[in-house]
Amino acid sequence: MKQILSWGRYPYCPQTPHKIFWPEDVPKGLAHGATLAYGQGRSYGDACLAESGRVLAMERLSRVLSCDWDLGVVFAQAGLTLAKLIDISLPHGWFPPVTPGTKFITLGGAVANDVHGKNHHASGTFGRHVKRLILYRSDEDVVECSPTVRPELFAATIGGLGLTGIILAVEFDLRRVTSNKIEQRNIRFDNLDEFFELSQAHDASHEYTVAWVDCLSKTGRGHYMAGNHATDGVLIPAPPGRIGVPIDPPFSLVNALSLRVFNALYYHRQQRKEVVSCVGYDPFFYPLDGILQWNRLYGRAGFQQYQCVVPQKDGREVIRAVMQEIAKSGIGSFLAVLKRFGNLPSPGLLSFPLEGVTLALDFPQRDEINTRLFAKLDRLVHDAGGRLYPAKDAHMSATDFKKAYPCWKKVEALRDPKLMSLFWKRVTQ
Ligand SMILES: Cc1cc2nc3c(=O)[nH]c(=O)nc-3n(C[C@H](O)[C@H](O)[C@H](O)COP(=O)(O)OP(=O)(O)OC[C@H]3O[C@@H](n4cnc5c(N)ncnc54)[C@H](O)[C@@H]3O)c2cc1C
């Protein structure tokens, strides 16, 4: 059977999948030694890797169980991807309430990592839109939880890293749309201060905002993108049309030279300071999905993503210091992402976002270089009361995790005794 990895392919811990077609297959998979659910493996580090090396592959448990197209409420099995959900819901005028930068994730993964998107300042995390969950627990069989039914289990499961039970089905609200297009405003900025000014000026009037920054520039130049759903247009889902990376290059194609060239070209891609356009939802939300398996570009050693959030109070200065350390190191990714999170709280106990600023970027895996750089970045982030995103992480220490996520003990108390990930083992034991 083909073994599977996480998106960053680091740590290299191949997993044997046990395919789940029906809810009844879940206890059988657990009896065969699986200790975690695996959605689409779009988590970068070890959050989706089982301690046992055996996972329940959930993608075939993907039926829509009921939908109300008047109210925009869907009840679906947890293996349904956002890509398939959009294909089904968009023609009825509905879109996911929150979507990350890839649509190739499952509902189970969206709940377990309580994912956020470009609309965090307006809509919060995915968990805020969940009405009800159906779980399988090895010690209780099938159970239901919601904000009113077993609320502690619900809170522990939203962002609960798949440890409180196998999510079988999710009921959640959608967002009404009347077009498959986004009206987008793209503004080039020369430094980090300008990014904060743009964010201050435009976040409130745009549902979606994000910035791409040149991680090699000393000033923090980049592009600020803000968008709203267009009002006219058609409700036709985007066609699949994608290209792929066919092979695993032996070494990373992302290096100091390719990075410098790409970042310069990307920064200068628009002549005018500000461009307003109408684009499809695919290029707006999912620019990287256009290249299948782009993670292969980092070569066989894989890569790590560093995503941190720093509270509002010191956000600007700490992110500046983090970016200066990264620029000094001369490594990083083609595109680094910067965004201001809003203050809408999540129902989840281990949800990552905090009101403040988040920065995310990838690093080719080079043990010593990454360890040294991440240690410096970690100190800046943690000393400012910030934290790292478990969905992207492969290096956080147990001390930093426990300090940054003080509710971890409540999740541990509700953990299904048969479930254990490599991430949880690393940060709690
Ligand atoms: C290109 C790209 C862009 C991204 N952008 C963002 C972003 O903007 N915002 C953001 O928040 N994240 C982002 N991510 C991360 C991604 O959204 C999360 O890692 C998401 O959880 C992946 O979902 P998945 O279905 O692939 O789950 P997996 O990665 O397979 O698993 C993630 C977790 O969910 C658990 N899980 C999965 N299914 C179930 C189930 N049925 N029952 C119980 N537990 C389950 C797993 O055990 C694991 O703990 C991005 C990832 C990529 C590759």
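So that you can map any letter, position 130 of the sequence shown is 129 in numbering that gives the first Met the number 0, and since no number is skipped, the others follow by simple counting.
Don't be surprised by glycine CBs; every beta carbon is placed ideally from N, CA and C.
Looking at the strands, I want to know which residues DSSP matches up with residue i.
| i | result |
| --- | --- |
| F195 | Partner(s): none; F195 has no beta bridge. |
| M224 | N185 and V209 |
| L358 | C307 and L337 |
| A75 | V63 and V169 |
| R386 | V308 |
| G116 | According to DSSP, which records beta bridges pairwise, G116 is partnered with nothing at all. |
| V54 | P16 |
| A263 | A263 pairs with nothing; no bridge assigned. |
| Y43 | None, per the DSSP bridge assignment. |
| L291 | G243 |
| E316 | Beta-bridge pairing links E316 to no other residue. |
| V274 | N185 |
| Y37 | A56 |
| Y49 | The amino acid at residue 49 is misidentified as Tyr; the sequence shows Ala. A49 pairs with S420. |
Output needed for residue i: all residues of its chain with C-beta closer than 7 angstroms, excluding positions within five of it in sequence on either side, in chain order.
| i | result |
| --- | --- |
| A155 | T163, L348, K409, V410 and L413 |
| K18 | A56 and R59 |
| T15 | M0, Q2, G52 and R53 |
| G92 | R175, V176, T177 and L234 |
Given residue i, which residues of its chain have a CB within under 6 angstroms of its CB, disregarding the five upstream and five downstream residues?
| i | result |
| --- | --- |
| G116 | V97, T98 and P99 |
| L343 | G123 |
| E151 | none |
| V114 | P99 and F125 |
| W68 | H91 |
| A320 | L379 |
| V356 | V309, G314, I318 and R339 |
| S65 | F74 |
| A237 | G279 and D281 |
When every heavy atom of ligand 3 is checked, does at least one fall within less than 7 angstroms of the C-beta of residue i?
| i | result |
| --- | --- |
| R175 | This structure lacks ligand 3; its bound ligands are ligand 1. |
Given 7 angstroms as the limit, tell me if residue i has its C-beta closer than that to any heavy atom belonging to ligand 1.
| i | result |
| --- | --- |
| Y305 | no |
| L160 | yes |
| P99 | yes |
| M395 | no |
| R41 | yes |
| C47 | yes |
| V114 | yes |
| L35 | yes |
| S276 | no |
| I104 | yes |
| G301 | no |
| W211 | no |
| S420 | yes |
| G107 | yes |
| M224 | no |
| A77 | yes |
| G38 | yes |
| A326 | no |
| W6 | yes |
| M469 | The first residue shown for the chain is 0 and the last is 428, placing residue 469 beyond what the model contains. |
| L287 | yes |
| A320 | no |
Taking the CB atoms as reference points, tell me whether residue i and residue j lie closer together than 8 angstroms.
| i | j | result |
| --- | --- | --- |
| H228 | S276 | no |
| A109 | E206 | no |
| V142 | R131 | no |
| F302 | Y9 | yes |
| I157 | G226 | no |
| R41 | I85 | no |
| G221 | F194 | yes |
| D172 | H128 | yes |
| S328 | L358 | no |
| K338 | V212 | no |
| Y169 | L81 | Rather than Tyr, the amino acid found at residue 169 in this sequence is Val. It is not a contact, given that the beta carbons lie outside the stated cut-off. |
| E354 | Q311 | yes |
| R136 | D415 | yes |
| G161 | L70 | no |
| S420 | E139 | no |
| D313 | A403 | no |
| Q304 | K391 | yes |
| V25 | I166 | no |
| L48 | K417 | no |
Sorted by chain position, which residues of the same chain lie with C-beta nearer than 8 angstroms to residue i's C-beta, five sequence neighbours on each side aside?
| i | result |
| --- | --- |
| V253 | L296, Y297, F302, S332, F333, D361 and P363 |
| W21 | L60 |
| L287 | G100, T101 and W293 |
| S198 | T208, A210, Y223 and R339 |
| T427 | A397, F400, K401, W407 and E411 |
| L218 | Checking the displayed sequence, the identity of residue 218 turns out to be Thr instead of Leu. Cβ within range, chain order: D189, N190 and L191. |
| T147 | none |
Inside the region 120 to 159 only - beta strand (DSSP E) runs reaching at least 3 residues = 129 to 136 and 140 to 144
Whole runs of the beta strand (DSSP E) within the region 74 to 112, excluding any shorter than 3 residues | none
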